[in-house]
Amino acid sequence: MNLEGITINILTSQLQEKLLGGKIYKVFMPNKSSLLLLVKTENAVIPLAADFSGASPYLYMPDKTPERPETPPAFCMLLRKHLEEGRITKITQSGLDRVVTMEISSIGSARQIISKQLIFELTGKNANIIFVSEGIILDSLKHIGKALSSYRQILPGLAYIAPPPQDGLDILTSSPVDIAAAAQNLPLPPQKALIAATTGIGQYTAGQLLKFAGITAEGGITNENAAALADAIGTLQQNINAAKAGTAPVYAIITRTNTVKTILPFKPLQLTGGETVKEFASLNSAVAFAQSLTPVLLPEQEVLNKTVNAETEKLQKKILLLKEELAAAEDAEQQRIIADTLMANLYRIAKGSSECTLENIYDGTPLTIKLAPDLTANENAQKYYKRYNKLKRAQAEIKEQLQLTEEAVEYLGSIDIALKLVQTRAEVAEIKSELAAAGFITVKNTKNKMPQAKSTPTIIKLSEDTALYIGKNNKQNDYVTFSIGSGNDLWFHTKNIPGSHVILKTTLPQADEKDIQTAATLAGYFSKARGGSKIPVDCTLRKFVKKPSGAKPGFVIYANQTTYYVTPEEEAINKLIN
């Protein structure tokens, strides 16, 4: 689980409300990577648990206290000596970083107040608990020496150095308009620009804010949509303040492997396939729920899904680079104009010149041209012609590479949705085989392995006369369309969105309009647009669907289509397919 800075801010607020002024009654370490403080307040004894034993750090107030070992570790003994009977006088977050500092004050032998800090760094795999007095580390849960970090060592006796602070505007207190403008002014893709312009949010919240504002990676942040982004940020600020006040819920995103991906102070607009969302009245209860989950073993489709996501991300980066190269190569025509203008004015150019200004022979405007002084006018012209030819060749090559890369991204999109629809091992095996054939993965020699059973598409009987056939991967899509479907059957597929091929077969003279609507709705549901509204679904006769020679599995072209707009309802769909 990766908690963002804004979520840690809500957690800090709730810890302040419950624990400030409380006395540390007991200190335990249930295991070598966790800490349990029992805090006595006016009304109760409240446990505070910090569990850093897994891949994700947890800091929360559990309902049930974990078991305590008979022999406490040395770090536990040190904390007992210094912290028991001390009062919690401050709980703060370092800006919007994932660092929470608890100050514990006690009365020393000379009746003076002595304050020490317990610092919880909730930073993923580098998470740590550090015990500090007057800026010096007394001890820590994990020791970090020079071999692990040349910048920041965490060892007893050394000065405590905080993690490097984030740059950017505070997502909670800065003006939403200023934040949107700052992100717009950065020469980065929208998601990276929003993260770089702010502190306190990561990829998940940044992506959701952009979705709320209707901003895409291709379109970027513009003057037209910056206001919508500012509105989304303003709503986020309101949600966080309401969650801190206890008047609004938080939402846990639960993965297919039964782990909490993150916790958000807003309901996500769109989930990745296989994820679910659960609402909680408080952040503490959401973190407690996350800590209680037992992850399931990672299925093979999850491994393939990670491969597809990684390959897609690489290809999308390649597309951005190719577009930049293409923009540079589009200067070719200017090189030809310069060369032609030089050739028409050879007699006017003095030998040894490094620059000249001539009239553009095409539009008559002044044209300032850089020259190589050691070359003649004609040689300079030939140099520009050579550059023109090189850029023209580059244009063609880049355009071809760009088209192939965009097609690969589209193809992986179809694999991605297929992985979300798998129900059997045979379907997983088919997708794995397809990825191997496309060169995205390598598989070991399978000569001695038993052959896998062939997967089958989903079949839904709508009536005695009518049935629907739904492909759940590219091979099934080809089978449904070209083996099951015949000329006058109706064929459905989401418009420009990866998804299933759906065939509507009927013995009636004409398909019932209600059945057509059902088929279109199922095509929208079994697609990457699942969970959306007004999903465009194309419908045409099967005879108008063709597969180009050499095309990848699942790829078709079609004509004479009618477009339906559908909003699938989960409950109604489940009744149909179960």
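Residue numbers (this note's numbering): 4 to 581.
Glycine included, C-beta positions come from ideal geometry on N, C-alpha and C.
Inter-segment contact for the region 321 to 336 and the region 387 to 397 is present: three or more beta-carbon pairs are separated by less than 8 Å. Per DSSP, reduced to three states, the secondary structure at Gly502 is strand. Thr371 is not a Cβ neighbour of Lys354, given a cutoff of 9 Å.
Secondary structure note for Val135: its beta strand (DSSP E) is the uninterrupted segment 131 to 136. According to the DSSP secondary-structure assignment, Thr92 is paired through a beta bridge with no residue. Counting of Cβ neighbours within 10 angstroms places Leu307 among the buried residues, the total reaching 16 or more. Every alpha helix (DSSP H) stretch that sits fully inside the region 390 to 471 and reaches 4 residues is listed by chain position as 428 to 440.
In the three-state reduction of the DSSP assignment, Pro179 falls in the helix class. Note on Ile224: 16 or more other CB atoms within 10 angstroms of its CB, so buried under the neighbour-count rule.
Non-local C-beta neighbours of Glu303 in its own chain, meaning closer than 6 Å and more than five positions away in sequence, comprise Val431, ordered along the chain. Here Thr484 is not near Gly527, since their CB atoms are 9 Å or more apart. Here Ser118 is bridged, per DSSP, to Ser108.
In this structure, Leu345 keeps its C-beta atom at 9 Å or more from the C-beta atom of Ala375. Counting other Cβ atoms within 10 Å of its Cβ, Lys475 reaches 16 or more and is therefore classed as buried. The shortest C-alpha to C-alpha distance from Gly24 to any of Thr92, Gly8, Glu573 is the one to Thr92. At a Cβ-Cβ threshold of 9 Å, Asn242 and Phe269 count as neighbours.
Of all alpha-carbon atoms in Thr509, Leu507, Ile418, the one lying nearest the alpha-carbon of Asn477 is that of Ile418.
Contact check for Met64 against Ala429 fails: the beta carbons are separated by 9 Å or more. Boundaries of the beta strand (DSSP E) around Glu362: 358 to 362. For Val548, the three-state secondary structure derived from DSSP is strand. Per DSSP, Ala53 is not a residue of any alpha helix (DSSP H); the beta strand (DSSP E) it occupies stretches across 48 to 54. Residue range 193 to 200 is occupied by the alpha helix (DSSP H) that includes Pro193.
The region 184 to 199 makes no contact with the region 121 to 131, as fewer than three CB pairs between them are under 8 Å. Thr262 sits in coil when the DSSP states are folded into three classes, being neither helix nor strand.
Look at Phe529 here: in three-state DSSP terms it is coil, with no helix or strand label. Counting only runs of 4 or more residues that sit fully inside the region 283 to 359, the alpha helix (DSSP H) segments are 286 to 295, 303 to 332, 335 to 347, in chain order. With fewer than 16 other beta carbons inside 10 angstroms of its own, Leu323 counts as exposed. As DSSP reads the structure, Glu124 sits in a beta bridge with Val102, Asn131. Note: Tyr63 is bridge-paired with Ala52 in the DSSP secondary-structure output.
Proximity to Thr260 across Asn226, Thr297, Ala230, Leu232 peaks at Thr297, based on C-alpha coordinates. Annotation: Pro252 to Ala245 spans about 8 Å, alpha carbon to alpha carbon.
For Ile372, the uninterrupted beta strand (DSSP E) run begins and ends at 369 to 373, by DSSP.
Rounded to whole angstroms, Thr95 and Leu39 show a C-alpha spacing of 19 Å. Distance from the CA atom of Lys214 to the CA atom of Ala231, rounded to whole angstroms, is 10 Å. The beta-carbon distance between Pro460 and Ile473, rounded to whole angstroms, is 6 Å. This is short enough to meet the 8 Å contact definition.
Scanning its chain for C-beta atoms nearer than 6 Å, with the 5 sequence neighbours on each side dropped, one finds around Ile576 the residues Tyr528, in chain order.
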